[in-house]
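Heads up: the sequence shown is residues 7 to 492, going by the numbering used here. C-beta: ideal position from N, C-alpha, C; glycine also.
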Amino acid sequence: MKSLDKSTLVYRFLSGSFWSLIGALVSRGSGLIAAIVVARILGKTTFGELGIIQNTIGMIGSIAGFGLGMTATKFIAEFRESDPGKTGRIAALSSAFSWATSLLAATVLFIFAPWLAANTLAAPHLSDEIRIGTLFMLLSAVNAAQTGIIVGFEAFKTTARINLWLGIVSFPLNIIGAYVWGLYGAIWALVINSAFNWLLNYHAIRKEFFRKKISFSYNNCWSERDILWRFSLPSFLGGIMTTPVIWAANAMLANQPGGYAELGVYNALNRIKQVPEMALNIIIAPLLPILSDLLNKNNFKQYRKSLRYAQSISLVVTAPFCLVLIAYPEIALLPFGADFASNDQLTQWVLGQTLVYGCIGQVAYNIFSSFNRLWFGFGVNFIWGVVFLTAAYYTIPVYGAIGLAASYTLSQILISFINIIAIVKSTGTSLALTFLKNLFFVALLVFFCWIASTYQTNEYKIVMGISTSLLLAMKAFKAVKQANKN
7 MKSLDKSTLV YRFLSGSFWS LIGALVSRGS GLIAAIVVAR ILGKTTFGEL GIIQNTIGMI
67 GSIAGFGLGM TATKFIAEFR ESDPGKTGRI AALSSAFSWA TSLLAATVLF IFAPWLAANT
127 LAAPHLSDEI RIGTLFMLLS AVNAAQTGII VGFEAFKTTA RINLWLGIVS FPLNIIGAYV
187 WGLYGAIWAL VINSAFNWLL NYHAIRKEFF RKKISFSYNN CWSERDILWR FSLPSFLGGI
247 MTTPVIWAAN AMLANQPGGY AELGVYNALN RIKQVPEMAL NIIIAPLLPI LSDLLNKNNF
307 KQYRKSLRYA QSISLVVTAP FCLVLIAYPE IALLPFGADF ASNDQLTQWV LGQTLVYGCI
367 GQVAYNIFSS FNRLWFGFGV NFIWGVVFLT AAYYTIPVYG AIGLAASYTL SQILISFINI
427 IAIVKSTGTS LALTFLKNLF FVALLVFFCW IASTYQTNEY KIVMGISTSL LLAMKAFKAV
487 KQANKN
């Protein structure tokens, strides 16, 4: 471990990950607990309505965001040392453009909310809640650009403090809103939380620019507009092929008999799987700025080493959590109450999504982003969207939420192999083979856990879940030591 301490790359990665994790534990942990309480207050059907509203808002928000958060992270990380003036202009352009696109999208959603609720979601009574959600969408899209600026400076202590405060404030707001005003109050709680997030981000950006002695100015920021077409546009199109596709599949389920009740369970499971996924997103946040910086310096050896660290961290963060719940799926929905119980197969398929994401999805996206190959990412997302929606169209009417979850997971597995082929071209064969071996190793562990879940002995399920998690953690730790030697 002493050799690890002497490595500048490892210090940057682990230091950023540590501070990001601190904020994630409070913010995401309190968010999950609040979601459990809100689900018990609202009930399965109304919680499903909350889920479809959030998906609808997220779908429009992904369009409004225009990929500006990722754009700010990559280019600020790349130029913050070599060209402070360009850094300030890029940050200002990201901020201004995010406000413009978000306001336009919020206006359109507000106008068409009644039509959307009645004709697409089969729930005309949700139009007012969707209109309130336009404020949440507006602020969330702007917050994404702000967070991208902060991460570009590798200011992970700052993001940790922001997440800590968000966790503290949002927890009582979500519960009080749902308890006193039901679905209406739950939506307003999201709006207030986003406004508080914007305020914290705003002050954090001002302090960071003052500390780095960089001028944040809107003057001449339009001169950097080429990054919008080279990077933001393909990132935006990739988002269009992701979030709206997920929303469309959820809308298919909502239009089935009893669909909102099944969506309530699916929404609850999504809240559970978001804990390791959100933790991973925050912990892995140092990766893109580090990769962009290393590419700018033509340091490919350190570049590949950082990717090995990243996948090992991704597996440790996501896989143990999922393996335990795949082996013992009954406990996943236990906190939500009896109304959400008896959905073991659905639980296993949903957690399979997180496993694929942790094995390859997150790291692959950072590779393509650092190489500025997001047009390829758009093509991959397009293939995924076609496969996912086609499968969902045929399986949802027959299997309901299980069909939705299985279609999502299997389409992700297909895309993972395409990503590995692309990684060979970007970084070489050895790294891609390492990723592929880890993917098959995790698949083997999942098989053992699935077999364990078919047994009646709860003790056996727990032992298998914990044992496979320890095996994976040992393999990941060994991979980090090996990467450090190379």
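Within 10 angstroms of the Cβ of residue i, are there 16 or more other Cβ atoms? Answer buried if so, exposed if not.
i	result
leucine 410	buried
tryptophan 228	exposed
threonine 474	buried
tyrosine 224	exposed
glutamate 87	exposed
isoleucine 427	exposed
asparagine 203	buried
leucine 264	Note that residue 264 corresponds to glycine in the displayed sequence, not to leucine. Flag for glycine 264 reads exposed.
glycine 73	buried
glycine 37	buried
glycine 158	buried
phenylalanine 6	An answer regarding residue 6 cannot be provided, because it is not within the stretch 7 to 492 covered by the chain.
asparagine 169	buried
glutamate 283	buried
With distance defined between alpha-carbon atoms, name the residue in the options nearest to residue i.
i	options	result
proline 326	Ala449, Ala129, Ile389, Ile138	Ala449
glycine 75	Thr93, Ser101, Gln262, Thr51	Ser101
serine 482	Asn302, Thr396, Ser318	Residue identity check: residue 482 is alanine in the sequence provided, not serine. Of the candidates Asn302, Thr396, Ser318, the one whose C-alpha sits nearest the C-alpha of alanine 482 is Ser318.
glutamate 55	Ala184, Ser108, Ala428	Ala184
threonine 433	Lys80, Phe377, Leu477	Phe377
phenylalanine 103	Ile289, Ile136, Val114, Asn149	Asn149
aspartate 89	Asn302, Phe382, Ser176	Asn302
serine 221	Ala412, Ala97, Asp350, Ile47	Ala97
alanine 41	Gln280, Gly364, Ser413, Ile252	Gln280
cysteine 365	Ile421, Leu269, Pro250	Ile421
threonine 324	Arg314, Trp381, Val362, Asp345	Val362
leucine 339	Arg34, Ser33, Val43	Val43
methionine 143	Ser108, Glu135, Ile117	Ser108
Given this structure, state the Cα-to-Cα distance separating residue i from residue j, to the nearest angstrom.
i	j	result
asparagine 304	glycine 391	34 Å
arginine 217	leucine 357	42 Å
glycine 343	threonine 126	30 Å
leucine 10	proline 341	Summary for leucine 10: the model assigns pLDDT 42, below 50, so the residue's position carries little reliability; its value from the coordinates is reported in the next sentence. So the two alpha carbons sit approximately 40 Å from each other.
alanine 151	isoleucine 457	44 Å
lysine 12	glutamine 308	Per-residue confidence for lysine 12 stands at a pLDDT of 42, beneath the threshold of 50, marking its modelled position as unreliable; no derived number is given.
leucine 329	leucine 476	10 Å
asparagine 287	glycine 154	12 Å
serine 312	asparagine 61	33 Å
valine 271	glutamine 354	13 Å
leucine 131	alanine 124	Leucine is not the amino acid found at residue 131; the sequence shown has histidine there. Roughly 8 Å between the two C-alpha positions.
glutamine 368	alanine 316	9 Å
leucine 549	threonine 79	The first residue shown for the chain is 7 and the last is 492, placing residue 549 beyond what the model contains.
isoleucine 39	asparagine 444	32 Å
arginine 46	alanine 83	43 Å
glutamate 214	alanine 195	29 Å
lysine 467	aspartate 232	54 Å
methionine 7	isoleucine 289	Unreliable placement is indicated for methionine 7, whose pLDDT of 39 sits below 50; the coordinate value is still reported in the next sentence. Between methionine 7 and isoleucine 289, the C-alpha separation is close to 20 Å.
phenylalanine 388	alanine 257	19 Å
I want to see whether chain C comes within less than 8 Å of residue i, judged by CB atoms only; does it?
i	result
leucine 352	Judged by its chain identifiers, the structure shown contains no chain C, having just a single protein chain.
**OP:** Report the residue ranges of all alpha helix (DSSP H) runs contained in full by the segment 288-316; include only those spanning at least 4 residues, in chain order.
**Re:** The alpha helix (DSSP H) runs of length 4 or more contained entirely in the segment 288-316 are, from start to end of the chain, 293-302.
**OP:** May I have a chain-ordered list of the alpha helix (DSSP H) segments no shorter than 4 residues that lie completely inside the segment 215-268?
**Re:** The segment 215-268 contains these whole alpha helix (DSSP H) runs: 239-246, 249-260.
Subject >> Within the segment 162-193, ranges of the alpha helix (DSSP H) (whole runs, at least 4 residues) >> reply: Fully enclosed alpha helix (DSSP H) runs of 4 or longer: not present.
Subject >> Length at least 4, wholly inside the segment 308-393: the alpha helix (DSSP H) runs in chain order >> reply: Taken in chain order, the whole alpha helix (DSSP H) runs of length 4 or more contained in the segment 308-393 are 350-362, 368-376.
**OP:** For the segment 56-113, list the alpha helix (DSSP H) runs that are entirely contained and at least 4 residues long, ordered along the chain.
**Re:** Fully enclosed alpha helix (DSSP H) runs of 4 or longer: 74-85.
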